[in-house]
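Q:
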Amino acid sequence: MDIKRLGILLGLLLMPLVAFGQSGSTYISDDTVKTTGDVRVDGTFSKGSGTFVIDHPLDPENKLLYHSFVESPDVKNLYDGIIELDRNGEASIELPWYFMELNGDFRYLVTAIGEPMPNLHLKRGVKNNEFEIAGGAPRGRVSWQVTGIRHDPWIQEHPIIPVVEKGPNQQVDKGEYFHPELYSK
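Going letter by letter, the sequence shown gives residues -21 to -1, 1 to 164 in mature numbering (1 follows the signal peptide of the UniProt record, and there is no 0).
(1) In the DSSP assignment, find the unbroken alpha helix (DSSP H) run with F110 in it and report its ends.
(2) Could you tell me which uninterrupted beta strand (DSSP E) segments, each at least 3 residues in length, are contained entirely in the region 62 to 111, listed from first to last along the chain?
(3) What does a CB cutoff of less than 7 angstroms around Q150 pick up in its chain, not counting 5 residues either side in sequence?
(4) What's the gap between the Cα of E50 and the Cα of V125?
(5) Can you confirm whether the region 119 to 133 touches the region 145 to 164 when touching is taken to mean that 3 or more C-beta pairs between the two stretches lie within less than 8 angstroms?
(6) Just how far apart, CA to CA, sit N108 and D59?
(7) May I have the straight-line CA-CA distance separating V54 from P95, to the nearest angstrom?
(8) Where does I134 sit, in a helix, a strand or coil, going by DSSP?
(9) Return the first residue and the last residue of the beta strand (DSSP E) that Y162 is part of.
(10) Strictly by DSSP, which residues pair up with N148?
(11) Would the region 73 to 90 count as touching the region 98 to 105 if we require 3 or more Cβ pairs under 8 angstroms?
(12) Report the three-state DSSP secondary structure of D34 (helix, strand or coil).
(13) Between which two residues does the beta strand (DSSP E) carrying G45 extend?
(14) With a threshold of 8 angstroms on Cβ separation, who are the neighbours of H100 within its own chain once the five nearest residues in sequence on each side are excluded?
(15) Using beta-carbon positions only, say whether A91 and G119 come within less than 8 angstroms of one another.
(16) Kindly list the residues whose CB is nearer than 8 angstroms to the CB of T30, restricted to its own chain and excluding five residues on each side of it in sequence; keep chain order.
(17) Relative to the C-alpha of Q135, which candidate in K13, S122, F157 and E80 has its C-alpha closest?
(18) Going straight from the alpha carbon of I140 to that of R66, what length do you get?
(19) Count the other C-beta atoms from every protein chain shown that fall within 10 angstroms of the C-beta of L74, then say buried if there are 16 or more, exposed otherwise.
What follows is the structure in structure tokens.
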């Protein structure tokens, strides 16, 4: 057993309860860590999969509802909404005041709601934290989405590299698996 795994094992054995802040706590048992309160990670958070889980809104007493995270090899932010077009079939969509400072390499989707709008299109891309659509039906409704790739100082200094070689500076060494049973190992 290497020193890294020994340290993790000792930490798990010696610290079954770790308290954080005034009202938060973390419990560690078997292969589960349960925490109440907020969690902050100054670095990269890696996982095999991710979900949120809540009491099911239609049967909160008996059921849980799970949803998966939306993931991508890009560090992508997503913004969306529904807007009513003006009498000329156009709209200007305002994004958060920090949008351009945080994002670049924008991608757009616009979809007509309730009636065909074959000429609906992006009139002008993001400038001063807003973009414009045109070619729609007067007073028509449009669903819109814009994504941006993060280009803030943190992500520039700590880029996500989608594929890396296993090794001593990674989470597992060459020949090791996170879940060997999935590969008949």
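Every residue gets a Cβ at the ideal spot worked out from N, C-alpha and C, and that includes glycine.
A: To lay it out plainly:
(1) Element bounds for F110: not the alpha helix (DSSP H) but the beta strand (DSSP E), E109 to A113.
(2) 70 to 73, 82 to 92 and 100 to 106
(3) S25
(4) 16 angstroms
(5) no
(6) 14 angstroms
(7) 33 angstroms
(8) helix
(9) That residue, Y162, is in no beta strand (DSSP E); it is neither H nor E in DSSP.
(10) In the DSSP output, where bridge partners are listed per residue, N148 has none listed.
(11) yes
(12) strand
(13) What sits at residue 45 in the sequence shown is Tyr, not Gly. Looking at the DSSP string, the run of the beta strand (DSSP E) that includes Y45 is L43 to S47.
(14) V89, I112, A113 and G114
(15) yes
(16) Y45, H46, S47 and F48
(17) E80
(18) 46 angstroms
(19) buried
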